[in-house]
Every structure is written in C-alpha cells, then in structure tokens.
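Trainee: Have a look at this one.
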C-alpha cells in the first residue's frame, strides 16, 4: 500500500507518541534510580550509584526477590508440565468435550485478577486451612500457576498446530520406540516453544500483584508486594526505584527472548 | 468380465508374498473406509492402489504401515501376521505425502534415522546414509536442512530415509503429488528404476492413472473401500472389470441401455476406448481423408456421425462426434499426419471399430 507524504508523517508521529507514552515513564524510573536527589528533583542534580548499593543491602528487597524467584520458578514448572499435557490432549486427540476443556483452560487469563484472587482466597481458606496448610509461598505458587498454565498451553498449542502429526508417525515407522520418538523428534520440535512458554509464564508470575495479594500470607512478600508496601515510605523511595528498574530489566529480557523464539505466541495479559 | 490371464513375471521363479490382507475392514465411527478387502502383493513387485480421493486407498496403506488398526481382518507381511504389531516393529517404511522430514535434523541425520534408533554405530550409520543419498542422486546435500531443499529434493530425501535400512516393503503415499508435471514424470522413471535395482516391494497409493499405468507391475483399482479390479496395467486398461474402472483408468465411451443397442448393436453396457475408433470419409471410403488403414469388412462395426468439436492436444486430436440419435462418442486420432481441411465441425464422418473393442462391462 502506498501512503501519501502527509499520511506517513502523521502516522509516524502517532507511533512515536504512542511509544513515548509507554516508554518515557519507564526510562524515568531507570534514570531516577541513579538520581542523586532524594526527592527526585528534575533535572537530576547528579548521578549516583548510592541507591543501587542501598538496594543490594536491603534485606527486605533481597528476601522479596528470593520469594519472587521461588514462586516464579515453581509456578512455571507446574505450568510447563500441566500446560504441555493439556495442549497435547486438546490438539492431538479427539474426545468428548474437547472444545469445552480448551475454553475452560484459557479462561483464567481473561478473568480479572481480582476475581481470581478472591475466589482462590476463599477456596484456600475453606479447603487448605482445615488441613493445616496456611497462606504462604505454596498458595502463591498455586495462584500463579492458574494463569501460567494458560501461557504454556497456548504456546505449545500453537507449536503443535504447526508440527505435522506425520512426524511422530514417520519416527515410529522408521523403527523408533515411543521414548525415542519423544527424545529425537517430539521434544526437539517443542523445545523452543517450551522455553518461550516458560519464560513468558515466569515473567508473568514475577510481576503479578493482584492474585498474589489475595493468596500470600502475612509473612510472604514477593517483590511487587514489597514495592507496593514501601512506596509510601519516604526513606525507602529511592530503593523502590532501583527495584522497579530491576524489575523492568528482568521482565524485558525474557519477553524479548520468548518473542524471538516463537513468532506466534498467543500472549495475553503481559 | 476381466479375462483371467496367467502371467509369468520376468526374473522371478517362486513368487513369495510380501503383503497380504485378508478380509480387512476399517471403520471410522459410522464410516466404513475399507470394506472386507483381500489383497496380495508379491515380493519384488511394484504394486499400485489406484483410486479417487476418499476411496480408502490411503487407509489401506496406513493399515499396512500399522498407523491404523483394522476393525476386522488380518494383515501379513512376508508371511508373518502383523495385525497387532506396532509400526516400529514392521519391516516396512513409508514415504509420506508431505514427506514428514524432521525439520530440526540435517538431511544426513534424517536419512540415518532408522539406523540411529536401532543403535547402529555412528561411522557405519553415516556411511550408509551417504550411500542412500547417492542412490537418490543427492550427494553433497548431507549437511543441509530440509527447509533449504526444493520439493523434488525433499522427495528424494524422504526416499533415501525410507530405503536406508532396506525394508522388505516400501509404502508410498501419493509421493509425487506435490511435484510439478515435468518433475513428476522424471521421478516416475526414477522410482521405477529404484524399485528395479533395489528389488524392494513397492506399494504405491495414487489417484493418478498415468502414474499407476507407467510404474506398476500390477494395479488394484479402489473404490468406496473395495477393490474393483486387480491386474497388470495392460489388463486393467484393456479389459476393465467394471464401468467404474473403464471410466477411471483412461477415458472411455461408455454405452448403456438403448444407446448400446443403437451404437454397439447389442444390449448391455459397453466400453469403447476413444483411440480404438477409426475415422473415415463416409462418401469416399477409399480416399480416407483421415488417413486410417482401410477397415476390413469382417468384424467391424461402422456408423456415421457429425463432428461437433475438435480439440487439438499436441500429439493427438480429440473429436467429439454426434450420432443420429444424439449419442456422442469421443474419438482420439494420433497426429501421425496433419489434419485434412475437410475435418471441420459440422462435417459428416464415418466411424468404425473392431467389434472386439466394444467390450461389455458389468455396470
């Protein structure tokens, strides 16, 4: 399609403006993490690594980071197993209620986080509490897994649609046993989709706050929760900035890699 | 009825059975894809299952490969009952319609796959993969990935992969379907040659009658999950057992009921191949403008009609001729000489054929 000069200029400006609205604030956070002025005066009076050093030595932030990593890794692990199995069932087999199952699997990603949060909270309270499992890391992991599964399910599903079913047949036909077909054919073909799905799931879990609020016990603080709690405390503000800057970096990298790995990820809420 | 003729195959003394199907039936839900099929393929034979799409020929092949389990019946490979044997333990390899090459492996790894999963040493495996690649004239492509190959090259890789450990039977599912005409004809010759030199039994599925006629030792014409006729190409073409076979293998003039009485002179259903009808000038049979040998009077049937259409198709010309009662016949004339001026639509023309060439087919 050929566009007139005016149209091109206007569209160019709109694009730049749109991207600016998203990314200038993020840059500001990054910049402020080096701002020497405690109250983030603009323009910065100078650059300093003080806040980064302070953040490194902040026990609260470090513990929260660890909790987030644990929760993210565990939720991703669960999602990889369940999401892959579900995708296989839905895309490689025909059974009664297949479409319904597929829809129910994807639904959690569309549900408002606050609804999932409340629902999970109520469920954990009535089911887990009586058998002695209180709110904590475990409940956070389960809560995160509910939407992480969807990401993996979508990624693997998209890949399965592109892989000809005849590949597995060809492998068996040439004498391979089931495990050999998995090892030499199925897994290598799925590998990048698994990796991409895992990365996206992890990124999603890592910065989740709504569901986390409702499923974490009083002693369990993930990084986003820690930020939220410390936002209002003036002496913590610079450190919060550093942590936020860190979160940006940690989220961007996996999403970038995941995008490179699978051009057809059905993402969702990211 | 098809003539049953005893045929001796060249170079084979005792014909052993490579594939045998006994009353094999396959249902998909309420659809019967294969209906009580009996089939015998001899060792070293090039056998084709020819039929329109949806006739069940691919299902037959998948049953032999082991991808599908028959609902009823028995399948044998080399005399062994393999009905319950999984595909990986059957001595038959498949060349898939979409080739099904492993995209993340190199050509060489693809070809060596059957050896890899059997635990053959790497050095031997590579040597044999290269040997197989030489057989299909793909030396120098070992390190490429399937995505870097053309359709014809992928086809060859698929062949090399299936032949690398010399299976007893090679199953080919419309292997030339994705290739263009020139390449398809080249591959037809090559496949036939490959089959001759390796001596492996080839069981080919195709909807292309040319392909089946060109390459096969024997053909089974499949329709609605049943085999309509089995025989060598010449027999299937010259003596089709049913009206369907007559129409599907080559083109034919099919005459039934009153048309048969008018044109052939007898009641029943008859098939006359269009190239067996000779054209003559009805007014001056001796001048014969359309250059056919003068028909002997005995045992020939002669009718008169009017040319309605002439299609020049390169090596031959196709005439459509209307007979007095509205019956139409298609006639093929080899263009051994140019077409005379007098042959134009609207012209009166004489047709004649040997009465043996109007053969009855059960409808």
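Chains as they are written, first to last, in the numbering used here: chain U, 1257 to 1526; chain E, -11 to 351.
Think of the CB as a built atom: it goes at the ideal place given N, C-alpha and C, for glycine as much as any other residue.
#1: Of all Cβ atoms in chain U, is any one closer than 8 Å to the Cβ of residue 82/E?
#2: Taking only beta-carbon positions, decide if residue 364/E is within less than 8 Å of chain U.
#3: Give the interface partners of residue 90/E over in chain U, defined as CB-CB distance under 9 Å, in chain order.
#4: Going by CA-CA distance only, name the one from 182/E, 257/E, 219/E, 178/E that's closest to residue 245/E.
#5: Within 8 Å of any Cβ in chain E, is that where the Cβ of residue 1415/U sits?
#6: What's the C-alpha gap between residue 1316/U and residue 1380/U?
#7: How would you label residue 1352/U, buried or exposed, when you count the other beta carbons within 10 angstroms and need 16 or more for buried?
#8: I need the straight-line Cα distance from residue 200/E to residue 185/E, nearest angstrom please.
#9: Please confirm if residue 241/E has its CB atom under 8 Å from at least one CB of chain U.
#10: Among 156/E, 179/E, 288/E, 291/E, whose alpha-carbon lies nearest the alpha-carbon of residue 146/E?
#11: Any C-beta of chain E sitting closer than 8 Å to the C-beta of residue 1432/U?
#12: Measuring alpha carbon to alpha carbon, tell me which residue in 252/E, 55/E, 211/E, 54/E is nearest residue 23/E.
#13: Please list the segments of the alpha helix (DSSP H) lying wholly inside the region 278 to 336 of chain E, counting only runs of 4 or more residues, in order along the chain.
#14: What is the DSSP secondary structure of residue 8/E, reduced to helix, strand or coil?
#15: Return the bridge partner residues of residue 80/E from the DSSP annotation.
#16: Taking only three categories from DSSP, how would you classify residue 1431/U?
#17: Is there a Cβ from chain U that is less than 8 Å from the Cβ of residue 75/E?
#18: Return the residue from the list 47/E, 316/E, 142/E, 7/E that minimises the CA-CA distance to residue 358/E.
#19: Where residue 1404/U and residue 198/E are concerned, what is the direct C-alpha to C-alpha distance, given to the nearest angstrom?
#20: Would you call the region 1349 to 1369 of chain U and the region 1427 to 1443 of chain U touching, i.e. three or more CB-CB distances under 8 Å?
#21: Would you report the Cα separation of residue 1493/U and residue 1302/U, rounded to the nearest angstrom?
#22: Looking at the structure shown, is residue 338/E part of a helix, part of a strand, or coil, going by DSSP?
#23: Are residue 61/E and residue 12/E close, meaning C-beta to C-beta below 8 Å?
#24: Count the C-beta pairs between the region 114 to 133 of chain E and the region 60 to 76 of chain E that are closer than 8 Å, then say yes if the count reaches three, no if not.
#25: If you pair each beta-carbon of the region 1414 to 1421 of chain U with each one of the region 1463 to 1470 of chain U, do three or more pairs fall below 8 Å?
#26: Count the CB pairs spanning the region 1317 to 1337 of chain U and the region 1399 to 1413 of chain U that are closer than 8 Å, and state whether there are at least three.
#27: Contact between the region 83 to 93 of chain E and the region 133 to 146 of chain E: three or more CB pairs below 8 Å?
#28: Under 8 Å between beta-carbons, which chain E residues line up against residue 1420/U? List them in chain order, please.
#29: Let's test the definition: count the other Cβ atoms within 10 Å of the Cβ of residue 1382/U and tell me whether it reaches 16, buried, or not, exposed.
#30: Quick check: is the beta carbon of residue 1509/U nearer than 8 Å to any beta carbon in chain E?
#31: Taking a cut of 7 Å between CB atoms, which residues from the region 1 to 16 of chain E lie near chain U?
#32: Assuming residue 1507/U is part of the alpha helix (DSSP H), what are its boundary residues?
Mentor: The structure says:
#1: Sequence index remark: in the second chain, residue 82/E carries index 94 (1-based). It does: the Cβ of residue 82/E has a partner Cβ on chain U nearer than 8 Å.
#2: Nothing can be reported for residue 364/E, as the shown portion of chain E is limited to -11 through 351.
#3: Residue mapping note: residue 90/E aligns to position 102 of the second chain, counting from 1. Here the neighbours are 1423, 1426, 1427, 1440, 1441, 1444, 1445.
#4: What you label residue 245/E is simply residue 257 of the second chain in a count that begins at 1. Comparing Cα-Cα distances from residue 245/E to each of 182/E, 257/E, 219/E, 178/E, the minimum goes to 257/E.
#5: Within the first chain, the letter at position 159 stands for residue 1415/U. No, because no Cβ of chain E sits closer than 8 Å to the Cβ of residue 1415/U.
#6: Here residue 1316/U refers to the residue found at position 60 when the first chain is read from its first residue. Here residue 1380/U refers to the residue found at position 124 when the first chain is read from its first residue. Whole-angstrom Cα-Cα distance: 26 Å.
#7: If you number the first chain from 1, residue 1352/U lands on position 96. With fewer than 16 other Cβ atoms within 10 Å, it is exposed.
#8: Locating residue 200/E in the second chain gives position 212, where the first residue counts as 1. Locating residue 185/E in the second chain gives position 197, where the first residue counts as 1. In a straight line, the C-alpha of residue 200/E is about 19 Å away from that of residue 185/E.
#9: Taking the first residue of the second chain as position 1, residue 241/E is located at position 253. Chain U, which has no Cβ nearer than 8 Å to the Cβ of residue 241/E, makes this no.
#10: As a working mapping, residue 146/E is identified with position 158 in the second chain. Looking at the Cα atoms, 179/E is the closest of the given residues.
#11: Numbered from its first residue, the first chain carries residue 1432/U at position 176. Taking Cβ atoms only, chain E reaches closer than 8 Å to residue 1432/U, which makes this a yes.
#12: On the second chain, residue 23/E is found 35 positions in, with the first residue counted as 1. Nearest of 252/E, 55/E, 211/E, 54/E to residue 23/E, Cα basis: 211/E.
#13: none
#14: The residue labelled residue 8/E in the question sits at position 20 within the second chain. Residue state, collapsed to three classes: strand.
#15: Locating residue 80/E in the second chain gives position 92, where the first residue counts as 1. Per DSSP, 157/E.
#16: Mapped onto the first chain, residue 1431/U falls at position 175. Note: residue 1431/U maps to coil in three-state DSSP.
#17: Position 87 of the second chain, counted from the start, is the residue given in the question as residue 75/E. Yes, its Cβ sits closer than 8 Å to a Cβ of chain U.
#18: Lying outside -11 to 351, the shown extent of chain E, residue 358/E is not represented and no answer is given.
#19: Locating residue 1404/U in the first chain gives position 148, counting from the first residue. Locating residue 198/E in the second chain gives position 210, counting from the first residue. Distance between the alpha carbons of residue 1404/U and residue 198/E: 54 Å.
#20: no
#21: Numbered from 1 along the first chain, position 237 holds the residue referred to as residue 1493/U. Numbered from 1 along the first chain, position 46 holds the residue referred to as residue 1302/U. Going by the C-alpha atoms only, they are around 17 Å apart.
#22: For the purposes of this step, residue 338/E is taken as the residue at position 350 of the second chain. DSSP places residue 338/E in strand when its eight states are reduced to three.
#23: The sequence position of residue 61/E within the second chain is 73, counting from 1. The sequence position of residue 12/E within the second chain is 24, counting from 1. Yes. Within cutoff.
#24: no
#25: no
#26: yes
#27: yes
#28: Translated into positions along the first chain, residue 1420/U becomes position 164. What residue 1420/U touches in chain E: 86, 88.
#29: To locate residue 1382/U, count along the first chain from 1; it is residue 126. Answer is exposed; the Cβ neighbour count stays below 16.
#30: Position 253 of the first chain, counted from the first residue, corresponds to residue 1509/U. No - not a single Cβ of chain E is within 8 Å of the one on residue 1509/U.
#31: none
#32: Residue numbering aside, residue 1507/U sits at position 251 when the first chain is read from its first letter. Taken as a continuous stretch (DSSP letters only), the alpha helix (DSSP H) holding residue 1507/U covers 1493 to 1517.
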